[in-house]
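Here's the structure we're looking at; comments come further down.
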Amino acid sequence: MAHRWTNDLTQDDVTPEHLYMNRRQIMLAAAAGVGLAGLGARANAEEALVPNPWEDITQYNNFYEFGTGKGDPAANAGALTTDPWTVKIDGMVDTPGDYAFKDIMAAMTIEERIYRLRCVEAWSMIVPWNGFELADLLEMAGVQPEAKYVRFETLVRPEEMIGQKYRTIEWPYVEGLRLDEAMHPLTIMATGIYGKTIPNQNGAPIRLVVPWKYGFKSIKSIVRITLTDQEPLNTWQQILPNEYGFYANVNPSVDHPRWTQATERKIGGGLFSKRVPTLMFNGYEKEVAGLYDGMDLARFY
Ligand code: MTE
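Structure below.
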């Protein structure tokens, strides 16, 4: 299938691979730095304004299925069996069924997309993904006219996902998109990163990437995709509805209740590098603003 979208970023923009892979350590170091700033040793108005994201990151893990500790995903995700892997596509589709991952891969055209990734906690990276457009997969299954939303689920397998032995969140991890967001050519299912298979801790063998939304929408290790007419209740909205909504569009003018979203820190820019302005829809305004015409984005956050 031909490319339907032209990248604005090149390999030169990409965050070096070791920084993507080791960002937990980098963020811990940054958090330690902010701690010092808090003591006044390196007081800096900019740091003092937004200490929360960094504190939160230190306690925060981005693949809860493998635990909530800082190094847990990298330490524990090796246990996950990713082959064979099946994705159930069901709900309002013409051909519901269990699709083998290898059959999906054979049917889809894999391409590289270099995207900005903006975490809700105000750090960002530029990542080269390999994957295919979600629209191609949904078209293969045949979306029925009543469908309005797409709901995604991560695997539940506590024997291999040790974080699932605890009810830290309601398993499975759930995410959702409006159908027009899911069909947008920027929305991809990623199967590779930096030209390699996605490491287990980053969502092998298949995860969602929606570059104009905060990173938590990028649900990992997907086993079920359901076409529905109901807005899905996504995991973070379920846990903290005042902080995380359904849309999660990157928006510098709608702050998180505990910190500003106007600026972000680029991973790889150095621990005390200046924060850079966050771009509306993470720089994809031209492509996606039309999806939200007339919507109050402060209300639908
Ligand atoms: N998917 C599942 N199944 N479980 C998770 O805990 N964390 C989310 C998202 N997808 C998460 C998930 C969050 S909060 C972020 S920021 C991204 O994954 C991180 O993806 P990364 O490994 O590329 O940083």
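For the sequence shown, position 272 (counting from the first letter as 1) is numbered 272 according to this note's numbering, and the numbering increases by one without interruption. A virtual CB, placed ideally from N, CA and C, is assigned to each residue, including glycine. Only a predicted model underlies this, so the values are computations on that prediction, with no experimental measurement involved.
Our contact map puts residue i next to residue j with C-beta atoms below 8 angstroms; I'd like the distance itself, whole angstroms only.
i, j, result
"residue 149", "residue 176", "6 angstroms"
"residue 264", "residue 74", "About 24 angstroms separates the two Cβ atoms, so there is no contact after all."
"residue 15", "residue 268", "5 angstroms"
"residue 9", "residue 126", "6 angstroms"
"residue 290", "residue 200", "Rounded, the Cβ-Cβ distance is 37 angstroms, inconsistent with contact."
"residue 257", "residue 234", "With 8 angstroms as the limit, residue 257 and residue 234 do not qualify as a contact, their Cβ atoms being about 18 angstroms apart."
"residue 142", "residue 103", "About 16 angstroms separates the two Cβ atoms, so there is no contact after all."
"residue 276", "residue 266", "6 angstroms"
"residue 301", "residue 254", "5 angstroms"
So, are the CB atoms of residue i and residue j less than 9 angstroms apart?
i, j, result
"residue 180", "residue 92", "no"
"residue 222", "residue 152", "yes"
"residue 124", "residue 113", "no"
"residue 82", "residue 98", "no"
"residue 169", "residue 239", "yes"
"residue 220", "residue 204", "yes"
"residue 288", "residue 186", "yes"
"residue 283", "residue 171", "no"
"residue 248", "residue 183", "no"
"residue 11", "residue 128", "yes"
"residue 244", "residue 118", "no"
"residue 167", "residue 80", "no"
"residue 96", "residue 174", "no"
"residue 155", "residue 89", "no"
"residue 309", "residue 21", "Outside the shown range of the chain (1 to 301) lies residue 309, about which nothing can therefore be said."
"residue 202", "residue 63", "yes"
"residue 120", "residue 237", "no"
"residue 227", "residue 164", "no"
Given 8 angstroms, three or more beta-carbon pairs between the segment 207 to 214 and the segment 59 to 78: no
Inter-stretch contact at 8 angstroms, needing at least 3 Cβ pairs: the segment 187 to 201 / the segment 99 to 113: yes
Continuous alpha helix (DSSP H) assignments of at least 4 residues falling wholly in the segment 210 to 297: 235 to 239 and 285 to 288
Contiguous alpha helix (DSSP H) assignments of at least 4 residues, all confined to the segment 65 to 98: 72 to 76
Whole alpha helix (DSSP H) elements within the segment 115 to 149, 4-residue minimum: 134 to 141, all fully within the segment 115 to 149.
Runs of alpha helix (DSSP H) wholly within the segment 159 to 210 (minimum 4 residues, chain order): Those alpha helix (DSSP H) runs which fall completely within the segment 159 to 210 and span 4+ residues are 179 to 182.
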